[in-house]
Amino acid sequence: MTSYNFINLEDFVDMLLEERHRTFIVHSEPMSGKSKYAKRFAKKIEGKYLDLLEQFREDRNLKNSIDTFSIKELEILLVEEAKDTSLLIVDNIEFLLNTWGEDRYDLLFRLINEKWNSFYSSYEATLGIFLISNCKIMNMKLKTNKDKSRIFHLQELESL
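Just so you know, the numbering used here puts 36 at position 36 of the sequence shown, and the rest follows in order with no gaps.
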């Protein structure tokens, strides 16, 4: 019988507090419960859940700038949303990535892996990105200082 060691995401986020890069990615197939898990997780540890697609639907200024919304503007939006929370969970970011060029995932990964920690003077939130699985994400390497992956498939995580 095969035994699986599921990852406790809450413990992982606690461990990230000792890391320079306090970011992680959770991915899964469409309609797999990713958003439900993201909402529950944010609520469980009193973080903030941001449905980026819903944010763009509700905010007229964002809606009108969707075709020109840049990675820099995303950084500014996320920094603002991260204030007053220890954890920011961002869901449904794919629609925005699809408006950017071929290097869209490179831009996102640079934000996650290099830039997020440079914003610490204005906040101290850990950033979690929940998105749909694709080859680019599954081949990306984001590691902790202890050489543990910071990218997880939803099925690898313990239930909430």
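Positions of the beta carbon are idealized from the N, C-alpha and C atoms, including for glycine.
Original post:
Bridge partners of Y49, per DSSP?
Top reply: Counting from one through the sequence shown, the residue named residue 49 turns up at place 49. According to DSSP, Y49 bridges with I89.
**OP:** Kindly identify the DSSP beta-bridge partner or partners of I151.
**Re:** Numbered from 1 along the sequence shown, position 151 holds the residue referred to as residue 151. Looking at the DSSP assignment, I151 forms a beta bridge with I25.
Original post:
If you follow the alpha helix (DSSP H) that L127 is part of, which residue opens it and which one closes it?
Top reply: Within the sequence shown, numbered from 1, the residue matching residue 127 stands at position 127. Here L127 belongs to no alpha helix (DSSP H); instead the beta strand (DSSP E) covers T126 to I132.
Original post:
Is it a yes or a no for the stretch 135-143 touching the stretch 4-19, going by three-plus beta-carbon pairs under 8 angstroms?
Top reply: no
Original post:
Hey, out of L52, L78, G128 and L9, whose CA is closest to E94's CA?
Top reply: For the purposes of this step, residue 94 is taken as the residue at position 94 of the sequence shown. Considering only alpha carbons, the answer is L52.
Original post:
Expressed to the nearest angstrom, what Euclidean distance is found between the alpha-carbon atoms of N145 and L17?
Top reply: On the sequence shown, residue 145 is found 145 positions in, with the first residue counted as 1. On the sequence shown, residue 17 is found 17 positions in, with the first residue counted as 1. Going from the Cα of N145 to the Cα of L17 covers about 12 angstroms.
Original post:
Can you tell me the Cα-Cα spacing of K43 and S28, whole angstroms?
Top reply: Position 43 of the sequence shown holds residue 43. Position 28 of the sequence shown holds residue 28. Roughly 20 angstroms separates the two Cα atoms.
Subject >> Exposure of G101, with buried meaning 16 or more beta-carbon neighbours within 10 Å >> reply: What you label residue 101 is simply residue 101 of the sequence shown in a count that begins at 1. G101 should be labelled exposed.
**OP:** In the DSSP assignment, find the unbroken alpha helix (DSSP H) run with E10 in it and report its ends.
**Re:** Residue numbering aside, residue 10 sits at position 10 when the sequence shown is read from its first letter. Note, E10: alpha helix (DSSP H), L9 to L16.
Original post:
How about I25 and L142: are their beta carbons less than 8 angstroms apart?
Top reply: Counted from its first residue, the sequence shown places residue 25 at position 25. Counted from its first residue, the sequence shown places residue 142 at position 142. Closer than 8 angstroms, so yes.
Subject >> Collapsed DSSP secondary structure at K143 in the structure displayed >> reply: For the purposes of this step, residue 143 is taken as residue 143 along the sequence shown, with counting starting at 1. Three-state DSSP puts K143 in a strand.
Subject >> Through-space distance from S65 to I45, alpha-carbon basis >> reply: Your numbering for residue 45 matches position 45 in the sequence shown. Your numbering for residue 65 matches position 65 in the sequence shown. Taking the straight line from one Cα to the other gives about 33 angstroms.
Original post:
Given that a residue counts as buried once 16 or more other Cβ atoms are within 10 Å of its Cβ, and exposed if not, what is L50?
Top reply: Translated into positions along the sequence shown, residue 50 becomes position 50. Under this definition L50 is a buried residue.
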